[in-house]
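Protein chains: 2
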Amino acid sequence: MVLAKKEDFPEKDIKLADWCKALSHPARITILRLLASKNECMCGELVLDLPLAQSTVSQHLKALKAAGLIQGEIEGMKSKYCMNKKNIDKFFKLINQFNYHLND
Amino acid sequence: MVLAKKEDFPEKDIKLADWCKALSHPARITILRLLASKNECMCGELVLDLPLAQSTVSQHLKALKAAGLIQGEIEGMKSKYCMNKKNIDKFFKLINQFNYHLND
DNA sequence: CTTGACCATCGCAAAGATACGATATACGAT
DNA sequence: ATCGTATATCGTATCTTTGCGATGGTCAAG
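Protein chains in written order, with this note's numbering: chain R, 1 to 104; chain F, 1001 to 1104.
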């Protein structure tokens, strides 16, 4: 079976790779920046600040949410998104631990 | 033109996204760990330590090299790979700067 | 109850990533 | 010169990502 190989690696490395993948597109990095600067944000605002169609932005939001880096709640007609600080912290902790490993 | 959209983002975010993409597969994370632990390493050793075919490992090495995270030199019949510490440092500096941004 | 605004999801197309075996290259040893 | 070892690259199959427009659902306002 092709592509089952990722699972043959340590859990921790898979998790780190997953988070890195979530950040592997400039749109998603920009989205995180925007969410940070506005604290929380509706999808429509993000669309205005990105050179992408609404459906595409929605997809990127879904990816970030699946990775656990952001949270979204539907509030009335609008959807509010915000950072998932707990997981973002975990990510940076993990990546700095990785850095430490590389230099030891 | 589909997929020209990445270029519509700030240079710095594109660079960060590229480096994250280089780390978005557990095999490549493992390769960096191995290179760090052995300081420098021939391709064959890496193949022994990874659950992947030789050609696949070679491809992952190529990706890491293209991203500038490792260096490789052909020494006689063998290829020696090592970390590109300068760029790895740049990466961690950039990502921690990003973290700082998110929390400010 | 219709309309408009907002958003997620579907369906599609193009491109990229991942994996492997087979092949080509380069060199040391015989 | 031939052989064996070490690697890179090619060709190919499959899966994933990225992007868009179109569609559908949900609520507020009229």
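We treat Cβ as the ideally placed atom computed from N, Cα and C, and that holds for glycine.
Local Cβ density within 10 Å of residue i, reported as buried at 16 or more and exposed below that
{"i": "N84(R)", "result": "buried"}
{"i": "Y81(R)", "result": "buried"}
{"i": "M1001(F)", "result": "Residue placement at M1001(F) is poorly supported in this model, since its pLDDT is 47, which falls under 50; the coordinates are not used for a value here."}
{"i": "A66(R)", "result": "exposed"}
{"i": "P1026(F)", "result": "buried"}
{"i": "A4(R)", "result": "exposed"}
{"i": "A1053(F)", "result": "exposed"}
{"i": "S1024(F)", "result": "buried"}
{"i": "L1048(F)", "result": "exposed"}
Residue i versus residue j: straight-line alpha-carbon distance, rounded
{"i": "I1014(F)", "j": "C20(R)", "result": "13 Å"}
{"i": "I1088(F)", "j": "D1018(F)", "result": "12 Å"}
{"i": "E1007(F)", "j": "K12(R)", "result": "32 Å"}
{"i": "T30(R)", "j": "L50(R)", "result": "8 Å"}
{"i": "N39(R)", "j": "P1010(F)", "result": "21 Å"}
{"i": "D1104(F)", "j": "R1028(F)", "result": "31 Å"}
{"i": "N1099(F)", "j": "Y100(R)", "result": "17 Å"}
Integer Cβ distance of residue i from residue j, believed to fall under 8 Å
{"i": "L1061(F)", "j": "I1074(F)", "result": "That belief does not hold up - the Cβ atoms of L1061(F) and I1074(F) are roughly 12 Å apart, past 8 Å."}
{"i": "L102(R)", "j": "A1022(F)", "result": "Between A1022(F) and L102(R) the Cβ distance is about 14 Å, and since that is not below 8 Å, they are no contact."}
Next item on the list: Note down, in chain order, all residues in the stretch 70-102 of chain R with a beta-carbon under 8 Å from any beta-carbon belonging to chain F.
Entry: M83, I88, F92, I95, N96, F98, N99, H101 and L102
Checklist line | Interfacial residues, the stretch 1023-1057 of chain F to chain R, with Cβ spacing under 9 Å | finding: L1023, S1024, H1025, P1026, A1027, R1028, I1029, T1030, L1032, R1033, L1035, A1036, S1037, L1050, P1051, L1052 and T1056
Checklist line | the stretch 1004-1020 of chain F: positions lying closer than 7 Å to chain R by Cβ | finding: K1005, K1006, D1008, F1009, D1013, I1014, L1016, A1017 and C1020
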